[in-house]
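Shown next, in structure tokens, is the structure this report addresses.
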Amino acid sequence: AKLFWIPFVIHAHEIYNSDDVKGPTSQFLLRMEKTIFRSAAFSIFPEKKRAQIYRERYEFTGPVFIAANSPRFTPIPKARDLRKAYQLNPNSIIMGYLGGIGPTNLLEIAIQALSFNPSVVFLAWGWGEREYLDQLNALAHCLGVSERFIHLGQLMDGKLETLAGCDFSYCVYQTSLLRAKHEATASNKFFEAMAAGIPSLISSNPDFYQFNKKYPVGVCASSLTTEGVSAAMKTLVENETLRKNLGKKARQVFETKFHYENQFFKPTQAYQDLYHGYPEIWSFNEVYLPPEELARAA
561 AKLFWIPFVI
571 HAHEIYNSDD
581 VKGPTSQFLL
591 RMEKTIFRSA
601 AFSIFPEKKR
611 AQIYRERYEF
621 TGPVFIAANS
631 PRFTPIPKAR
641 DLRKAYQLNP
651 NSIIMGYLGG
661 IGPTNLLEIA
671 IQALSFNPSV
681 VFLAWGWGER
691 EYLDQLNALA
701 HCLGVSERFI
711 HLGQLMDGKL
721 ETLAGCDFSY
731 CVYQTSLLRA
741 KHEATASNKF
751 FEAMAAGIPS
761 LISSNPDFYQ
771 FNKKYPVGVC
781 ASSLTTEGVS
791 AAMKTLVENE
801 TLRKNLGKKA
811 RQVFETKFHY
821 ENQFFKPTQA
831 YQDLYHGYPE
841 IWSFNEVYLP
851 PEELARAA
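Convert by adding 560 to the 1-based position in the sequence shown; the result is the number in the working numbering.
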């Protein structure tokens, strides 16, 4: 379990099939995965099914930790006044999206659903290919909703404060890629919405459905279609009490379970044990409180 005589750990943030990746470098790295996983001291996956798929594929026997891709524990963020900042209708309902912008996230469907939810303004922050962003803007113009789909570039700071200023978050994934089929506990934007204390409009994929059944933090679209997303959007728009209750539950779930310090507590201990006796560069420089102490500190 060593690389150049140094023990190493894998944090497998994403998983892929061979047809998911393009280019010779990516294909080469994918072919190396079996050797790397079999040699690692242990591995960390953000989602259980992803770990099962890779363990069966590569037949590695090292320990596996499941740690959701959740942000660090922070106090409840103070919401930005986005209606004032962007001169929106005071009665508008703000749906926020914060993350990479590409076809996997089905923003086209969200824009189409705006036609059926006239009070919704869709604010999107994140980097995307210029050609794809132009396609989204052209679609919004064609549907007559260009004033309600606003791409605001990349957000460099104040992420949670900005999300907290939204009424709900858009977190939908199409499932053509392997990683997108098992996304729920690997999704940054899903857990960032929880940290911000707002509900999410989420996929109907089995992983999201089961998570939301156990921890009701949003509304699942019945299908990954304009009709399915539009209906879920309408449910959130028309029921302010539901939005507030789901937002409170989301924040509670974040505080009690799905924050970084809690999710990575055991992997961090294992990491520190692994590198005990090595130079400081090979160990964490931070102090991680046990979950119960974090709860008391909050």
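Beta carbons: idealized from backbone N, C-alpha and C, even for Gly.
The model shown is predicted, which means the values in this text are computed figures rather than measured ones.
How about residue i and residue j: are their beta carbons less than 8 angstroms apart?
| i | j | result |
| --- | --- | --- |
| T785 | I626 | no |
| D580 | L737 | yes |
| I596 | I613 | no |
| A792 | F771 | no |
| N748 | G807 | no |
| F605 | A611 | yes |
| Y646 | A684 | no |
| F676 | S764 | no |
| A600 | L834 | no |
| L589 | S578 | no |
| V813 | V777 | yes |
On the premise that residue j lies in contact with residue i, defined as a C-beta separation below 8 angstroms, what is that separation, rounded to the nearest angstrom?
| i | j | result |
| --- | --- | --- |
| L674 | R708 | 5 angstroms |
| N822 | V732 | So it is not a contact: roughly 26 angstroms between Cβ atoms. |
| A756 | A724 | 4 angstroms |
| A572 | F751 | About 17 angstroms separates the two Cβ atoms, so there is no contact after all. |
| P637 | E574 | Going by Cβ atoms, the distance from P637 to E574 rounds to 27 angstroms, so no, they are not a contact pair. |
| I671 | L693 | Contact doesn't hold; Cβ gap of about 12 angstroms is too wide. |
| E607 | H742 | 5 angstroms |
| L696 | L667 | 6 angstroms |
Going by CA-CA distance only, name the one from the options that's closest to residue i.
| i | options | result |
| --- | --- | --- |
| Y775 | H742, A810 and N748 | A810 |
| F557 | E743, I758 and A700 | This structure does not reach residue 557, given that the chain is present from 561 up to 858, and the question cannot be answered. |
| M655 | H711, K609 and E574 | H711 |
| P827 | G662, Y618 and P623 | P623 |
| N805 | M754, K817, Q832 and G788 | M754 |
| P650 | S679, G662 and F568 | S679 |
| P567 | R598, Y576, S586 and F588 | R598 |
| E593 | G583, P584 and R617 | R617 |
| S783 | K609, L796, Y769 and K773 | Y769 |
| W653 | P766, L642 and Q812 | For the record, residue 653 in the displayed sequence is Ile; it is not Trp. Nearest C-alpha to I653: L642. |
| K609 | V681, D767, L699 and A830 | D767 |
Does residue i get closer than 8 angstroms to chain D when you measure Cβ to Cβ?
| i | result |
| --- | --- |
| L806 | Within the model displayed, chain D is absent; a lone protein chain is all it includes. |
Contact between the stretch 685 to 697 and the stretch 786 to 806 is defined here as three or more beta-carbon pairs at a separation below 8 angstroms; is this criterion met?
no
Segments assigned beta strand (DSSP E), at least 3 residues, entirely inside the stretch 690 to 746
709 to 711 and 728 to 731
Would you be able to state if there are at least three C-beta pairs under 8 angstroms between the stretch 814 to 829 and the stretch 633 to 641?
yes
At what residue ranges does the stretch 782 to 839 contain a whole run of the alpha helix (DSSP H), taking only runs of 4 or more?
Fully contained in the stretch 782 to 839 are the following alpha helix (DSSP H) runs of length 4 or more, in chain order: 786 to 798, 800 to 816, 820 to 823 and 825 to 834.
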